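As numbered in the working numbering, residues 6 to 317 make up the sequence shown, in order.
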Amino acid sequence: MTPPMIGPGGQARADGLGHGVGASDPVVRVHDLTKDFATTRALDHVALEVPRGQLLVLVGLSGSGKSTLLRHLNGLHLPSRGSVEVLGTDLSTASTRELRSLRRRVGFVFQQFNLVGRSTCLENVLSGALGRVRGPRFGVLSYAKALRREALEHLDRVGLADRAFQRADTLSGGQQQRVAIARTLMQGPELLLADEPVASLDPESSAQVMDVLFRICVEEQLTVVCSLHQVELALGWAHRLVGLRDGQKVLDRDASHLDEAEVMEVYQRVEPGSTSIPRPTAAEREAARAASAIVRSDHSLPLDGPVSAPHR
Ligand code: ADP
Ligand code: MG
């Protein structure tokens, strides 16, 4: 059975592009990927396959190649050598039209949330649908009711339905990142890339954002590839950890069978017994997830009535 997808991204495409991936095929196939920037080798013979519904976390020091790898997965970079296939599209041979089509199916969440601060959360989320509606939109009511309902559902999914009509810049950083995730979901992605999505957040907000990504991944079978600095978060939420060092893949393991000392080796500063990062037990992971669980609300919001930002 085909797993459920979020939004229209999981449905058959009218443009006839990108049908080359079945439910059991890997969403990402990276083969012998090397990327050179002038004299810098950013990625060095990297091989990677990511199955559908997996939350894969990339770890590694700053400059190890995490962002470069993520940017290959939505075609922002092309390989110097090797191949990258995403959702059945070979990025090296794809036409401009195929690349554009693929980018609509791949969501990207950034460290800086890039919301429009003076717009409401709902309007920010709705803007994620701009790739699939014709013409510009001004204000929430310029979107079809079905889209407004869908946007509210995505806000609910990230635990922020009650903030729909609040200005985005009045939210905390963690809440803004959850709105940014809801906006990306509105795009209907089949693959979600997140580049250091919690780097500027406090530990509690970071856990909530990771919880959202984990739940979306597990409940919706959305594939997530996310780079993180925090090893404890990676161990707590990832299905699988991939470690990069100087552009080389030096770790690729199921997170549940991974010792924190092995992860720290990626950073080349392991002294067994001396690390200050504790490895969470299965019970602790469950408790952390429960503590940061987003309570889904049951709001009846006025989709038909006049909708305006309170502060605009
Ligand atoms: P990370 O995300 O792990 O911090 P990056 O992927 O950003 O690492 O960078 C990997 C290496 O590639 C670094 O040495 C970086 O300076 C270099 N690099 C990344 N992007 C570019 C670019 N556009 N031009 C030149 N060098 C780059
Ligand atoms: Mg980076």
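Note that CB positions come from ideal geometry on N, CA and C, so glycine has one too.
Just so you know, these numbers come straight off a predicted model, no measurement behind them.
Distances taken from the Cβ of S205 to the heavy atoms of the ligand ADP include none shorter than 7 Å. Closer than 7 Å to some heavy atom of the ligand MG: that describes the Cβ of D200.
Taking one beta carbon from each stretch, the region 33–41 and the region 199–211 have fewer than 3 pairs nearer than 8 Å; the two do not touch. With contacts defined as CB atoms closer than 8 Å, L53 and V255 fail to qualify as a contacting pair.
In the three-state reduction of the DSSP assignment, D41 falls in the strand class.
Excluding the 5 residues flanking it on each side, L196 has same chain C-beta neighbours closer than 6 Å at V32, V111 and T228, in chain order.
When C-alpha distances from V55 are compared across G70, L120, V271 and Q226, the shortest belongs to Q226. Closest in C-alpha terms to S124, from the list F143, A134, S106 and H244, comes F143. For D49, the closest of A260, E267 and Q253 by C-alpha to C-alpha distance is Q253. Ranked by Cα distance from L92, the options H77, L146 and A169 are led by H77. For the alpha helix (DSSP H) assignment, the uninterrupted runs of no fewer than 4 residues enclosed by the region 192–277 are, from N- to C-terminal side, 208–225, 236–242 and 265–271. Per DSSP, reduced to three states, the secondary structure at T98 is coil, with no helix or strand assignment. Taking a cut-off of 6 Å from the heavy atoms of the ligand ADP, the residues with a C-beta inside it are F42, T45, A47, G65, S67, G68, S69, G70, K71, S72 and T73. By the Cβ-count criterion, S97 is exposed, with fewer than 16 other Cβ atoms from all chains shown falling within 10 Å of its own Cβ.
The criterion of a C-beta distance shorter than 8 Å is satisfied by V163 and V217. Pairing Y272 with T94, the inter-Cα distance amounts to about 33 Å. Cβ contact annotation for R57 (same chain, cutoff 7 Å, sequence separation greater than five): P8, A28, V32, Q226 and T228, in chain order. Proximity to K150 across L127, L107 and V184 peaks at L127, based on C-alpha coordinates. For the pair L160 and E265, the Cα-to-Cα distance works out to about 34 Å. Excluding the 5 residues flanking it on each side, R188 has same chain C-beta neighbours closer than 7 Å at N129, V130, S132 and G133, in chain order. With three or more CB-CB distances shorter than 8 Å, the region 67–85 counts as touching the region 230–237.
Annotation for R86: the continuous beta strand (DSSP E) segment containing it runs R86 to V91. Classified as exposed, H262 has fewer than 16 neighbouring CB atoms from the shown chains inside 10 Å of its CB.
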